[in-house]
Structures are given as structure tokens and as C-alpha cells.
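Contents: one structure, followed by commentary.
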Amino acid sequence: MKSWIRSPHPLRGCASVFTADDLAHRLGGELVGGPATVSCLASMNLPRPDAVVVVEKPEQLEHLAARGVAVVVIPATFDGPPPITAIRVADTRLALAQLTALFDSRPKPAAGISPQAIIDPSAQLGPGVSVAAGAVILAHAVIGAGCRIGPHCVIGVGTSLGLGCWLHAHVTLYDGVTLGQRVIVHSGTVIGADGFGYAASQHGAVKIHHLGTVEVGDEVEVGANTCIDRGTLDATRIGARTKIDNHCQIGHNVQLGTDCLIVGQVGIAGSTRVGDGVIIGGGAGVADHLTIGAGARIAAQAGVSKNVPPGETWIGSPAQPYRQWLRERYLVGQLEKLWAWFKGRA
Numbered sequence: 001m002k003s004w005i006r007s008p009h010p011l012r013g014c015a016s017v018f019t020a021d022d023l024a025h026r027l028g029g030e031l032v033g034g035p036a037t038v039s040c041l042a043s044m045n046l047p048r049p050d051a052v053v054v055v056e057k058p059e060q061l062e063h064l065a066a067r068g069v070a071v072v073v074i075p076a077t078f079d080g081p082p083p084i085t086a087i088r089v090a091d092t093r094l095a096l097a098q099l100t101a102l103f104d105s106r107p108k109p110a111a112g113i114s115p116q117a118i119i120d121p122s123a124q125l126g127p128g129v130s131v132a133a134g135a136v137i138l139a140h141a142v143i144g145a146g147c148r149i150g151p152h153c154v155i156g157v158g159t160s161l162g163l164g165c166w167l168h169a170h171v172t173l174y175d176g177v178t179l180g181q182r183v184i185v186h187s188g189t190v191i192g193a194d195g196f197g198y199a200a201s202q203h204g205a206v207k208i209h210h211l212g213t214v215e216v217g218d219e220v221e222v223g224a225n226t227c228i229d230r231g232t233l234d235a236t237r238i239g240a241r242t243k244i245d246n247h248c249q250i251g252h253n254v255q256l257g258t259d260c261l262i263v264g265q266v267g268i269a270g271s272t273r274v275g276d277g278v279i280i281g282g283g284a285g286v287a288d289h290l291t292i293g294a295g296a297r298i299a300a301q302a303g304v305s306k307n308v309p310p311g312e313t314w315i316g317s318p319a320q321p322y323r324q325w326l327r328e329r330y331l332v333g334q335l336e337k338l339w340a341w342f343k344g345r346a
């Protein structure tokens, strides 16, 4: 095996050492087996003797034991004593999320203002703010305490960021945008551009000026190269704790609820209302002026052209309820037999 494969991952570093008992306490799990110490988080593909590994299948345990892994995190449903020191948890994916936060050794920007940043004198910056080279902060912007502004970000006139926000490189916030606390926005994303609104005339399309704004709730995360358009007269709103993936388009006046998951390449057209806890799969498109009820699920690449009731799962293009879609697929699958039957009677 190549030597570089055995080297510690630079972003999962070994700056801290934890006992298995400490990890079990942090994860809210049950410790099974003897004492052990770990200094990094590893994957199934590249286990290490000083690592903790999250396991999904019982058959993976013997492989990890042979590799000398220090600690494994396993589902509470696993039967029998594990061959390695283990932590039983109710939800291994949640445990993985907690462990990645614990072992995240990626460098964080230090507080301070780069001399290459351009900041209007009327802008207000809270304590502990980091502003990288090339960033531009325009008049009357308000930057909350502990915010991190990456290289070449542009923050528009009167825009407001709550405590602890992180804008990665090349993020653009247009004038008057409001971010809540601890919002993360990844590179290349644009929030607050004009929506796609025009009026027809004999001389061609006439632009509808967008005089609204965008309001983003607390702990929202927006992926790279996503666009969230400002409202026409009111605000486009993104509810607290909603997560939006890369390459998504959120149209003007859209109202996204709390705790939604919007997967990559989703497009939501203007003035659609999306309830709390909705999941929209990758590549799906949602037409304008619709309502997606709370807790609904939209399958990948669906084309939604009707209102979706709360809690329902819709699939296909045009999208329809999942059970109806299954029945139609079954019937289509019977067409060949039906055709053969007709031919036999001819």
C-alpha cells in the first residue's frame, strides 16, 4: 500500500486524545469492552489503530478487529459482544455527525481584518470578526460578533449578518439581505439578486424591479453556487435550520419552512410555499405559486405542477402520489402481456 495512504488525514487531525468512556458520554451511548484511547476519526476504507470507526454492518467488525482499530461505534441493535471496544448508539448517522464535529481540525480564520479588505466606514463589525483579503463590505452593513467573511466576498448596502455566520470565498450578498445567527454560505453563492420577473409589452419584455429582500433564518446552510432571489415587493424567506445543497435555484417570493432539506440542482419557482420539514430530492423542479405541505417528500427529478398535501410522497414528472405512480408503473408493465393477448385473439 502506498505510504501516503497510511498518513493521517490533514483535516481529521490528531490534536486531541479521547478515551472510549469520554466518547461514549459525548455520544450518549453505552460503552462495551475494555478501556481504549483514540486520536482521530477514520473510515471503513482506511482504518487506523488510533481511530474510532462508525460501523453499519456486523460483518465489518472482524475486519476492523484484524486491523487493530481502537474503538467502533455500532448500532444498539447489534447482537452479541463485539470483538473490539465498542460504543452502542441509537443512531449511528447522528453519532457520525457528532464525531466529525469533534475531530474537525480544519483551520478556522483568526479574528482580524485584512488590510486588503475594503470596508465602508459606516459598516458595523462586532467583536471577533474575521474579514479576509479582497472582501468588500458596503455602507451600513452590520456584521455580528464572530462572523467569518472569506476572500472576495461582497456584502451589500444595509445587509445584516447575525452572530457567528461564515461566508466562504466569493459569496455575494446583495443590498438589504438579512442572515440569522450561525448561517453558513458556501463559495459562489449569490443571495438577493433580482428574481426572474418581466411584463410583456409590444416592445418586448419589461423588467419588474425587485424591491423586496431575502431573510435567512438561524443555522441555515447554503451550498456552493446556489442562487436565492430577492422578493418582488416582500421578502423571500428561508426558515431556520433548513439546509440547501449546491446548484439550487430559489425563486423570488419563495417561502421555505424550517428544517427543510433541499438537495442539489433543485429549482423552486417564484411564490411557492414550502412547509416545515419538507425534503426535495436532487434535480426536482417545483412550479410557481404552489404549496408543498409540511413533511412532504419530493423524489429526485420530480416535476411538481400541483399542490402537494402535507406528509405525502410524490414522484415522477409530472409528479403524482407515490402509490398512484407505483400502480401506473405496474399497469404499464402489463401492456406487453395485454398486447400479446389481443394478438392471440385476432
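Counted from 1, the sequence shown has number 254 at position 254 by my numbering; the numbering is strictly sequential.
We treat Cβ as the ideally placed atom computed from N, Cα and C, and that holds for glycine.
Starting from the Cα of residue i, find the closest Cα among the options and give me that residue.
i	options	result
ALA90	ASN307, THR100, ILE74	ILE74
ARG67	TYR322, ASP50, VAL136	ASP50
CYS353	VAL129, HIS252, ARG273	In the structure displayed, the chain extends from 1 to 346; residue 353 sits before or after that span and is not available.
ALA287	ALA141, GLY239, VAL266, ALA36	VAL266
GLY162	ILE155, LEU179, VAL154, ALA169	LEU179
HIS168	GLY158, GLY195, ALA133, ALA145	ALA133
ILE268	ILE149, GLY277, LEU290	LEU290
ARG429	GLN324, ALA193, VAL222	Given a span of 1 to 346 for the chain in the structure shown, any question on residue 429 remains unanswerable.
VAL263	GLY285, SER271, GLN255	GLY285
ALA193	ALA205, SER201, TYR174	TYR174
ARG217	GLN255, ALA200, ASN246, HIS247	Rather than Arg, the amino acid found at residue 217 in this sequence is Gly. The shortest Cα separation from GLY217 among GLN255, ALA200, ASN246, HIS247 belongs to GLN255.
ALA277	SER201, ARG48, THR313	Reading off the sequence, residue 277 comes out as Gly, not Ala. Comparing Cα positions, the closest option is THR313.
LYS57	ASP79, LEU99, VAL304	ASP79
GLY212	ASP234, ASP120, ASP21	ASP234
I need the boundaries of the beta strand (DSSP E) containing residue i, first residue and last residue.
i	result
ASP206	The amino acid at residue 206 is misidentified as Asp; the sequence shows Val. Taken as a continuous stretch (DSSP letters only), the beta strand (DSSP E) holding VAL206 covers 204 to 207.
VAL183	VAL183 -> no beta strand (DSSP E), and no H or E assigned at all.
THR174	In the sequence as presented, Thr is not what sits at residue 174; that position holds Tyr. No beta strand (DSSP E) contains TYR174, which DSSP labels as neither H nor E.
GLU30	30 to 32
ARG93	Careful: ARG93 lies outside any beta strand (DSSP E), inside the alpha helix (DSSP H) at 92 to 102.
LEU64	Per DSSP, LEU64 belongs to no beta strand (DSSP E); it is in the alpha helix (DSSP H), 60 to 66.
PRO309	Run containing PRO309: none; DSSP gives neither H nor E here.
SER201	198 to 201
CYS165	CYS165 -> no beta strand (DSSP E), and no H or E assigned at all.
CYS40	40 to 42
ALA235	235 to 238
ARG106	ARG106 -> no beta strand (DSSP E), and no H or E assigned at all.
PRO75	71 to 75
ALA86	86 to 89
GLY192	190 to 193
Got a sec, what are the start and stop residues for the alpha helix (DSSP H) residue i sits in?
i	result
ASP22	20 to 27
GLU219	Here GLU219 belongs to no alpha helix (DSSP H), and DSSP marks it neither H nor E.
ALA340	335 to 345
Measure the Cβ-Cβ separation of residue i and residue j and say whether it is below 8 Å.
i	j	result
THR242	VAL220	yes
ALA224	HIS252	no
ILE184	ILE228	no
VAL136	ILE113	no
PRO82	GLY33	yes
SER39	VAL17	yes
ILE244	THR226	yes
ARG230	HIS209	no
ALA42	VAL71	no
GLY146	VAL171	no
GLY257	GLY195	no
ALA97	LEU27	no
Go ahead and label residue i buried or exposed: buried means 16 or more other beta carbons lie within 10 angstroms of its beta carbon, across all protein chains shown.
i	result
ILE315	buried
SER130	buried
THR77	exposed
TRP339	exposed
HIS362	Lying before the first or after the last residue shown, residue 362 is absent from the chain, which here runs from 1 to 346.
TYR198	exposed
PRO107	exposed
ARG345	exposed
GLN320	buried
ILE118	exposed
ARG166	It should be pointed out that residue 166 corresponds to Trp in this sequence rather than to Arg. Under this definition TRP166 is a buried residue.
ALA24	buried
ALA110	exposed
PHE342	exposed
VAL308	buried
LEU331	exposed
GLY144	buried
VAL206	exposed
Kindly say whether residue i, judged by its beta-carbon, lies nearer than 8 Å to any beta-carbon of chain B.
i	result
LEU138	Going by chain labels, chain B is absent from the structure shown, which holds only one protein chain.
Since residue i contacts residue j with CB under 8 Å, what's their CB separation in whole angstroms?
i	j	result
VAL142	GLN124	5 Å
GLU30	ARG93	With a Cβ gap of about 18 Å, GLU30 and ARG93 do not count as contacting.
THR236	ILE250	7 Å
VAL214	VAL177	5 Å
LEU64	VAL55	7 Å
GLY281	ALA299	5 Å
SER122	ALA139	5 Å
SER317	ALA302	6 Å
ALA296	GLY311	6 Å
LEU61	ILE84	7 Å
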